[in-house]
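**Student:**
Number of protein chains: 4
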Amino acid sequence: MSDAPTRLTRAEQQARTRERLLAAAADAFAEHGFDGASIDDITARAGFSRGAFYSNFADKSDLLVQLCEAHIDRFARAELPAILAVPEQEQLAAVARWLVQEEPPLETLLVVELARQRHRPEIAATLDRVLATVIDGIEGLLTVEGSQLAGLGRDEVQARSRAVLAAVVGIDVLGHVGIPIDRRVIELLLAGIADPEAAT
Amino acid sequence: MSDAPTRLTRAEQQARTRERLLAAAADAFAEHGFDGASIDDITARAGFSRGAFYSNFADKSDLLVQLCEAHIDRFARAELPAILAVPEQEQLAAVARWLVQEEPPLETLLVVELARQRHRPEIAATLDRVLATVIDGIEGLLTVEGSQLAGLGRDEVQARSRAVLAAVVGIDVLGHVGIPIDRRVIELLLAGIADPEAAT
Amino acid sequence: MSDAPTRLTRAEQQARTRERLLAAAADAFAEHGFDGASIDDITARAGFSRGAFYSNFADKSDLLVQLCEAHIDRFARAELPAILAVPEQEQLAAVARWLVQEEPPLETLLVVELARQRHRPEIAATLDRVLATVIDGIEGLLTVEGSQLAGLGRDEVQARSRAVLAAVVGIDVLGHVGIPIDRRVIELLLAGIADPEAAT
Amino acid sequence: MSDAPTRLTRAEQQARTRERLLAAAADAFAEHGFDGASIDDITARAGFSRGAFYSNFADKSDLLVQLCEAHIDRFARAELPAILAVPEQEQLAAVARWLVQEEPPLETLLVVELARQRHRPEIAATLDRVLATVIDGIEGLLTVEGSQLAGLGRDEVQARSRAVLAAVVGIDVLGHVGIPIDRRVIELLLAGIADPEAAT
DNA sequence: GATGAATGAGCATTCATTCAT
DNA sequence: AATGAATGAATGCTCATTCAT
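Protein chains in written order, with our numbering: chain G, -2 to 197; chain Z, -2 to 197; chain C, -2 to 197; chain U, -2 to 197.
#1: Measure from the alpha carbon of Arg94 of chain G to the alpha carbon of each residue in G:Glu194, G:Ala55, G:Ala79 and G:Asp152, then state which is nearest.
#2: Can a CB atom of chain C be found closer than 7 Å to the CB of Ile200 of chain U?
#3: Roughly how many angstroms separate the alpha carbons of Gln198 of chain U and Pro118 of chain G, rounded to a whole number?
#4: Just to confirm before moving on: does the CB-CB distance between Ala25 of chain C and Asp38 of chain C stay below 7 Å?
#5: According to DSSP, is Val83 of chain U part of a helix, a strand, or is it coil?
#6: By Cβ distance below 8 Å, which residues in the same chain neighbour Leu18 of chain Z in space, the five residues on each side in sequence not counted?
#7: Looking only at C-alpha atoms, which of U:Glu110, U:Leu139 and U:Ile190 sits nearest to Leu77 of chain U?
#8: Identify whether Pro193 of chain C lies in helix, strand or coil by the three-state DSSP scheme.
#9: For Phe31 of chain G, which residues from the same chain have a beta carbon less than 8 Å from its beta carbon, with the 5 sequence-adjacent residues on both sides left out?
#10: Which class does Gln11 of chain Z belong to by DSSP, given the choice of helix, strand or coil?
#11: Using a Cβ-Cβ distance under 7 Å, would Val127 of chain C count as near chain U?
#12: With a CB to CB cut of under 8 Å and the five nearest residues on each side skipped, what residues in its chain are close to Ala20 of chain U?
#13: How would you list, in chain order, the residues of chain U whose beta-carbon sits under 8 Å from the beta-carbon of Thr105 of chain C?
#14: Would the beta-carbon of Ala163 of chain U fall within 7 Å of that of Ala188 of chain C?
#15: Identify, in the order they occur along the chain, each residue of the same chain with its Cβ nearer than 8 Å to the Cβ of Val131 of chain G, setting aside the five sequence neighbours on each side.
#16: Is the separation between the beta-carbon of Val182 of chain U and that of Ala160 of chain C shorter than 7 Å?
#17: Do you know whose CA, among U:Ser35, U:Arg47 and U:Glu28, lies nearest Thr14 of chain U's CA?
#18: Would you mind reading off the limits of the alpha helix (DSSP H) that contains Leu128 of chain G?
#19: What number of angstroms, rounded off, separates the C-alpha of Ala67 of chain C from the C-alpha of Glu16 of chain C?
#20: Can you tell me the Cα-Cα spacing of Glu87 of chain U and Arg180 of chain U, whole angstroms?
#21: Can you give me, in chain order, the residues of the stretch 108 to 123 of chain Z that have a beta carbon less than 7 Å from any beta carbon in chain G?
#22: Curious, which full-length alpha helix (DSSP H) runs of at least 4 residues does the stretch 40 to 67 of chain Z contain?
#23: Would the beta-carbon of Ile176 of chain G fall within 7 Å of that of Ile168 of chain G?
#24: Mark Gly150 of chain U as exposed unless 16 or more other C-beta atoms lie within 10 angstroms of its C-beta, in which case mark it buried.
#25: Pick from U:Val83, U:Arg7, U:Arg157 and U:Arg126: whose alpha carbon is nearest that of Glu142 of chain U?
#26: Can you find the residues in the same chain that come closer than 6 Å, C-beta to C-beta, to Gly134 of chain U, ignoring five residues on each side of it along the sequence?
#27: Would a check of beta-carbon distances place Val182 of chain G closer than 7 Å to chain Z?
#28: Output needed for Gln145 of chain C: all residues of its chain with C-beta closer than 6 Å, excluding positions within five of it in sequence on either side, in chain order.
#29: Excluding the five sequence neighbours on either side, which residues of its own chain have a C-beta within less than 8 Å of the C-beta of Ala34 of chain C, listed in chain order?
#30: Leaving out five residues on either side along the sequence, give the residues of the same chain with a beta carbon under 8 Å from the beta carbon of Gly137 of chain U.
#31: Arg159 of chain G versus chain Z: which residues are under 8 Å apart at the beta carbon?
#32: Let me know the secondary structure DSSP gives Leu18 of chain U once reduced to three states.
#33: Along the chain, where does the alpha helix (DSSP H) that runs through Ile171 of chain G open and close?
#34: Is Gly143 of chain Z helix, strand or coil by DSSP?
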């Protein structure tokens, strides 16, 4: 009867279902861990039935993989370019802002889960890809043309990128544990990293 | 009744059982997480039966609590005093050494598990105690008489202790994820914290 | 609307879909049993989707019924008349040939499934009809005019028809279990049945 | 308080549990097939909980294996020797009696299930053992010293043992399907097998 | 008529916990 | 104190079935 276009095509519907399930899973995993979160919990949060889950994911571990892929994609496609677009001198300030934003930049607890499920081959591959992407991103960020760290040697860059990652992870975990991290803490953590001549 | 000298008294036997179970649990939790580790796994690692476990702990959650208490006690009673005994000027170097020692100073993954089980009241209390002990310890360490940071204000001390904790946690997690952290990374992270005049 | 001659009419198309699904189901049931075979397995073998199945059959149990009806119809309409058309003296030889033909004369495993689903009324009716058709067919075969068994009493005929059926079933099951049955075995089983004066 | 011996030791208790579960499983498998029978159904019939099952069997397929092993052991240890103990001339009469006894001599439906689960390696081994044991038993029975078939060649003995097995299986299946098999049917089936000079 | 996403009951299995020994 | 058989709730997953497209 109606010639108005259907609001959502079937494929769009399913994509929406998938997105909601991924979002619910991110919450549930952060709250209870991978083993602690049940599929029922996840689907209930998303407002779907158990079966909807298995229409969209092969199994629970596939969900974890896809969730991490989605996170890392967002990081590589959206967040990293946004920081890199900032004028060179303010790069570290941009990193600092990024570290304390509401939506956490890196779901550390998710990465911990990934690490725990590393014994499954399909997970190990994703973990490696996630870590490589993040570290590459940070290295690129530190050595962007015009940066005060642009002239550093390979080892120094690597050490600094790992230091940044350690800071990000530490801050994220403390946030989950209920210890608030303000701008000052971040300044202190980044001070040495930002200084091209940090003493040995 | 017995006239042969028992090698270990009953109490010593039980203490040994308890220690072995705690050690096995630390391994199992780090490997699989709290939910992922089964009591059978833990008791098998320790070489005991299910029953031995329930003779020593009320339930699984009690095990987690006792494990954290044991860790934090060791930290407060042994490790912290050892660092504090070092001459003031080398305090931060001692912290650095402490951060990279073989046996990790703080079982970060254990703390993550504690945080996840926070909804249980007995766990929440332990988590608070663990965090308070660690932060107090670090604050004491930073402001020990003669330290270059001794004159800082309350807020600065708090920010720096949280920065140290974030560094410790970040380093520990990266270690678990397979990213090696060497001395240089630690220097970079501590540089700002150690500088009494770190810029704002 | 269409001016191109459709290769197959709608009805023919559907009949073909139905045939393929029935054939796929026969394979799947023989391989995994009624409960063990999934509709997805059946439709995948037939090259269709779940929906095609439900367009042709009310439910899984309806499929089993229709499959057995199709088998028994083929038996009653094609195979039995073919044997009965053979000259009387060679009837039992024809039965013997029939028993070892490539396409099994009676899907014993299907009958076993029917028996297991007997508690459902529609299944019980089909089972009774299948068994009655087969036994009637065998009795007619044994007592066909001119047969050496034509003069036997009711009880003797019934006993012999059941003996034939037992032989057919036994042979079929052993074939499924991997024990090959050759002509000699069939001769031995039929020898007593074929002898009008088999001792008591 | 009591110095009377405990009725059942722990090991005896568990053996009883195991026996009851095996008996319940035999019923449930015969009624619903391997896939159709649920563990809950089996344990409920036996009067135990789900967990008791998993204390005694590794999983459902282990249950099937152990059930078949138990059946074949009973056949090889008790039933076959009993028939062989009978005077030679009455051997086939004893077989006939054995075939129609209340407790079926061979759980044919169980064997059908075994055959269906053959793709699992542990099952395939059991199936082979079951079939080999039964066929060996029947061959020994047919060629026992003094038997009228004692002088037959290898091929004839093999053909006759398979014929007996086919008869046993056919009779058993018909019994499950509701077709009663009386002594006369068995006589007819065995007549050719028992005749050393059955025509070719 | 055919498709396949979604539903939800059912099932095998795991595992924390209890308790008789 | 320690054992391990038994319990039963919880969980991941399968699969018959429905229904919007």
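The C-beta atom is built at its ideal place from N, Cα and C for all residues, glycine as well.
**Tutor:** Looking at the coordinates:
#1: G:Ala79
#2: Nothing can be reported for residue 200 of chain U: it is not among the residues displayed for chain U, which extend from -2 to 197.
#3: No statement about residue 198 of chain U is possible, as the shown extent of chain U runs from -2 to 197 and does not include it.
#4: yes
#5: If DSSP states are grouped into helix, strand and coil, Val83 of chain U belongs with coil.
#6: Ile39, Thr40, Ala43, Phe45, Ala49, Phe50, Asn53, Phe54 and Leu60
#7: U:Leu139
#8: In the three-state scheme derived from DSSP, where H, G and I count as helix and E and B as strand, Pro193 of chain C is classed as coil.
#9: When the five nearest sequence neighbours on each side are left out, the beta carbons in the same chain lying within less than 8 Å of the beta carbon of Phe31 of chain G are those of Lys57, Leu61, Glu110, Arg113 and Gln114, in order along the chain.
#10: Three-state DSSP puts Gln11 of chain Z in a helix.
#11: no
#12: Ala43
#13: Val170
#14: no
#15: Cβ-Cβ distances below 8 Å link Val131 of chain G to Ile69, Phe72, Leu103 and Leu162 in the same chain, with the five nearest sequence neighbours on each side left out; the list follows chain order.
#16: Contact flag set, yes.
#17: U:Arg47
#18: Pro118 to Leu139
#19: 10 Å
#20: 15 Å
#21: Val108, Val109, Ala112 and Arg113
#22: 47 to 53
#23: It is not a contact, given that the beta carbons lie outside the stated cut-off.
#24: Flag for Gly150 of chain U reads exposed.
#25: U:Val83
#26: Leu77
#27: yes
#28: Pro193
#29: Ala22, Ala25, Phe26 and Glu28
#30: Leu77 and Leu81
#31: Neighbours of Arg159 of chain G on chain Z, chain order: Leu171, Ile176, Ile178 and Val182.
#32: helix
#33: The question names Ile, but residue 171 of chain G is Leu in the sequence shown. Unbroken alpha helix (DSSP H) run through Leu171 of chain G: Arg151 to Val174.
#34: coil
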